[in-house]
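Enquirer:
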Amino acid sequence: MEMSMDMSSSMTATMASTMVMSSSTASSAAASVTSSSMSSMDMSSMGDMVAYLHFTRGDYLVFKEWRPSSRGAIAGACIALVAFSIFERWVAAMRSLLIAHWRRRALAIAASRATASESKSSAPTKEKAATDVEEVNGVNSLSKYPTAFAIRRAPRTVEPFLVSHDLPRGFLYAFHAMVAYVLMLAVMTFQAAYIISILIGLGIGEVVFGRMGSGDAHLLH
Numbered sequence: 023m024e025m026s027m028d029m030s031s032s033m034t035a036t037m038a039s040t041m042v043m044s045s046s047t048a049s050s051a052a053a054s055v056t057s058s059s060m061s062s063m064d065m066s067s068m069g070d071m072v073a074y075l076h077f078t079r080g081d082y083l084v085f086k087e088w089r090p091s092s093r094g095a096i097a098g099a100c101i102a103l104v105a106f107s108i109f110e111r112w113v114a115a116m117r118s119l120l121i122a123h124w125r126r127r128a129l130a131i132a133a134s135r136a137t138a139s140e141s142k143s144s145a146p147t148k149e150k151a152a153t154d155v156e157e158v159n160g161v162n163s164l165s166k167y168p169t170a171f172a173i174r175r176a177p178r179t180v181e182p183f184l185v186s187h188d189l190p191r192g193f194l195y196a197f198h199a200m201v202a203y204v205l206m207l208a209v210m211t212f213q214a215a216y217i218i219s220i221l222i223g224l225g226i227g228e229v230v231f232g233r234m235g236s237g238d239a240h241l242l243h
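Following the working numbering, the numbering of the sequence shown begins with 23 at its first residue and continues without gaps.
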């Protein structure tokens, strides 16, 4: 009886260990299956991005929530991109006009400051020429008589730093860059309809607002 009880207990322990090993094997297999399924899902999500020109639907447009999938949604996205491209040309034209205005104003302020400082340093009885030319008396080595020659000062071409001009210019440049990068992200979807819409919008915007700017404020060139 004691031998039979020992044999039954050993068999029970063996069966318990076998069940533990089988359960651990099943859990590891389930974990491997789960990881493989997750990796396959990641690969499939990455496979949704098509790196060539296409007209298929379902591309993410700038935001995760904006994923046009139907024909109506694609048409609405194209209209929005046309309007946004026209807006980019308007921002470029306004920025160019403001830059030209700030430049003229800064140079005028610099010229007025220079004139005021020179008028304070010069003698009150001596007249100042309007063309900013100084008459300097010199002596010619070949002649006994003094000669007069003129030294013309080079006009200032770089405007001085003005907080009221340079800070708005920096903010406007950053905003213009943000608008251009949004269009770039739309182009990077490789969706041909989006790219065509952007080109149409940029063309219309340049026709309407291109004459207002000098072309220095364009970021897409």
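We put the beta carbon where it would ideally sit given N, CA and C, even for glycine. Since we're looking at a predicted model, the values are computed, not measured.
Under the three-state reduction of DSSP, which class applies to Gly235: helix, strand or coil?
Expert: coil
Enquirer: Helix, strand or coil: how does DSSP classify Leu75 here?
Expert: coil
Enquirer: Ser107 and Gly235 look like a contact to me (Cβ under 8 Å); what is the Cβ gap, rounded to whole Å?
Expert: The pair is not a contact, with the Cβ atoms about 16 Å apart (cut-off 8 Å).
Enquirer: Distance check for Ile131 and Gly223, CA to CA, integer angstroms please.
Expert: 39 Å
Enquirer: Give every residue of the same chain whose Cβ lies closer than 8 Å to the Cβ of His187, excluding the five residues on either side of it in the sequence, and list them in chain order.
Expert: Trp124, Arg127, Ala128 and Glu181, listed in sequence order.
Enquirer: Quick one: measure Cβ to Cβ for Arg93 and Gly80, integer angstroms, because I've assumed they're closer than 8 Å.
Expert: 12 Å between Cβ atoms; not a contact.
Enquirer: What residue does the alpha helix (DSSP H) around Phe197 start on, and which one ends it?
Expert: Val185 to Val209
Enquirer: Can you list, in chain order, the residues of its chain whose CB lies under 6 Å from that of Gln18, leaving out five sequence neighbours each side?
Expert: No information on residue 18 is available, as it lies outside the stretch 23 to 243 that the chain covers here.
Enquirer: Please report the straight-line C-alpha distance between Ala208 and Val104, rounded to a whole angstrom.
Expert: 11 Å
Enquirer: Given this structure, state the Cα-to-Cα distance separating Ser219 from Ala199, to the nearest angstrom.
Expert: 19 Å
Enquirer: Please name the residue, chosen from Gly225, Leu221, Met116 and Phe193, that lies closest to Met206 on a Cα-to-Cα basis.
Expert: Leu221
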